[in-house]
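Take 1 as the starting number for the sequence shown in UniProt numbering and just add one per residue. All residues carry an ideal CB built from backbone N, CA and C; glycine is no exception. Just below is one structure, and these are the notes that go with it.
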Amino acid sequence: MSDMRPVSYERLLRLAHQRAIDGKGGLAASIAKMCLDSRAELTAQELELTYAILRQLIDKVEIEIRRYIADYLAERTDVPDDLIDFLSNDTINVAYPILVHSRQLDDVRLVKIIHNQARSHHMAIAERDGLSELVSAALVDTDDNEVAAQLTKNYSAKISRQSLDQLVERSIDDENLQAGIARRRDLPDDLARRMYIWVGESLRNHISQQFDIDPELVNAAVSHAVKKGHEGPDFEQLRESLNDDEPELQEGTGRSIGDSLVQALINEGKEGFMYAFSGATGLNMTATRSIFDMTNLETIAIACKAIGFGRTHFGRLLQELLGAKFRQYNAKGLFDKALAYFDKVDKDNAGGILQSWKTLPQEKWKKS
């Protein structure tokens with residue numbers, strides 16, 4: 001019997017040539033089923049011949065047959081590289097099982113596929129078990145939020161801090177992406193706190209339960225009713241007198257609050273500005289100095305949005321505060337990032353957060 005097996009395979013190879021000429025894929029499917037079934041016991045020579053047949057047929061048979069073959073090959077670890085490369089770059093109906101399951105696709109090959117193929121291939125790769133940070137970063141860099149959402153819901157995927165930071169920024173307008181990020185256990189606490197400002201009620205509850213979120217720092221942003229209950233008359237009068245689109249002038253000054261505070265910074269320096277800001281908001285100086293220590297532009301954005309700064313005055317304020325560092329921040333995109341954050345922060349939420357800051361003990365600001 002063993003003497004006949006090589007002859008049988010040579011006959012299959014001849015038939016494969018004939019079927020290829022006839023444009024039929026039945027033989028390719030039969031060979032895949034017969035020879036690549038997990039129960040098949042093939043010698044090295046037989047396996048080599050099997051792959052030789054498939055290699056000659058694979059680009060000539062219809063999609064259904066290629067998918068049938070891909071389903072078999074996806075679970076194997078001995079497939080020739082050229083076959084794996086062909087199938088993984090085929091139409092997604094064929095490539096899907098290879099992209100999701102084949103362990104022969106290493107990081108280099110996966111990243112190459114991401115660079116050369118479109119969304120459907122990216123979505124399939126995002127489903128793979130145990131994605132590395134390198135591959136996850138390549139998926140994030142496609143700048144496709146559907147792919148990103150799929151990736152964040154793959155809890156076996158490793159995602160670097162840098163990639164998570166990018167995804168958090170992109171999630172501001174994308175509830176589906178927000179949900180995927182917020183439910184990841186590897187999300188750093190500081191990124192969770194950042195997201196807390198703009199996500200909906202359900203995700204806020206989840207974030208507050210799963211991450212180190214200081215309720216004294218953010219609890220007033222949870223609902224309008226809580227904000228109203230803590231709001232003082234002086235702050236209410238200030239908030240109602242200011243509007244981002246058409247800011248009313250401060251009585252007796254002819255200026256908006258944003259213009260007045262920017263001028264205070266220009267004329268009196270940072271210390272004089274912080275005293276003016278403290279007076280306008282009711283925050284103590286420890287809190288004010290902590291906000292404007294320039295380690296977190298988003299905190300400054302919240303504080304400025306809360307008291308009625310418009311976008312233009314917020315931008316001018318940052319430029320003055322950054323001074324010589326502005327060019328460096330601008331080159332890295334950090335200035336535009338801060339402006340985008342300012343645009344997205346809800347004014348009522350910002351006002352509520354400012355109120356909670358007023359009640360935060362000074363020692364907590366010193367630790368932050």
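Check, Outcome
"Starting from I353, trace the alpha helix (DSSP H) in both directions and tell me its first and last residue.", "K347 to K358"
"How many angstroms separate the CA atom of R67 from the CA atom of L139?", "24 angstroms"
"Entirely within the stretch 50-96 and at least 4 residues each: give me those alpha helix (DSSP H) ranges in chain order.", "63-73 and 81-88"
"Rounded to the nearest angstrom, what separates E251 and F342 at their Cα positions?", "Reliability fails at E251, whose pLDDT of 42 lies under 50, so the model's placement of it is uncertain and no value is given."
"Look up R170 in the DSSP assignment and say whether it is helix, strand or coil.", "helix"
"When you compare each of N296, I307, I353 and L321 to K337 by their alpha carbons, which one comes out closest?", "N296"
"Nearest by alpha-carbon distance to D78: which of L42, G333, N145 and R170 is it?", "L42"
"Out of curiosity, what's the CA-to-CA distance linking F273 and E298?", "18 angstroms"
"Where does N284 sit, in a helix, a strand or coil, going by DSSP?", "coil"
"Return yes when the Cβ of F335 is within less than 9 angstroms of the Cβ of L360, no when it is not.", "no"
"With a CB to CB cut of under 7 angstroms and the five nearest residues on each side skipped, what residues in its chain are close to S368?", "Unreliable positioning characterises S368 in this predicted model, as indicated by a pLDDT of 49, which lies under 50. The coordinate reading is nonetheless provided below. Within the same chain, S368 has close Cβ partners S290."
"Taking contact to mean 3 or more Cβ pairs, one atom from each stretch, closer than 8 angstroms, check whether the stretch 147-156 and the stretch 176-191 are in contact.", "yes"
"Start and end of the alpha helix (DSSP H) containing R316?", "R311 to L322"
"Of all the options M123, A340, H101 and I53, which has the alpha carbon lying nearest to the alpha carbon of E75?", "H101"
"With a CB to CB cut of under 7 angstroms and the five nearest residues on each side skipped, what residues in its chain are close to K358?", "G282 and L283"
"Would E137 and I159 be called neighbours here (beta carbons separated by less than 9 angstroms)?", "According to the sequence provided, residue 137 is Ala. The question's Glu does not apply to it. Yes, Cβ-Cβ distance for A137 and I159 is below 9 angstroms."
"Closest to M294 by C-alpha separation, out of L322, M285 and T312, would be which residue?", "L322"
"Can you tell me whether G258 is helix, strand or coil according to DSSP?", "helix"
"With distance defined between alpha-carbon atoms, name the residue in A324, V108, F309 and A280 nearest to D259.", "F309"
"Between which residues of its own chain and I114 is the CB-CB distance below 8 angstroms, once the five residues before and five after are set aside?", "H121, H122, I125, V135, A138, L139 and T142"
"Might you give, ordered along the chain, the residues of its own chain that have their beta carbon closer than 7 angstroms to the beta carbon of D212, omitting 5 neighbours on each side?", "D189"
"Give every residue of the same chain whose Cβ lies closer than 6 angstroms to the Cβ of L265, excluding the five residues on either side of it in the sequence, and list them in chain order.", "F273 and E320"
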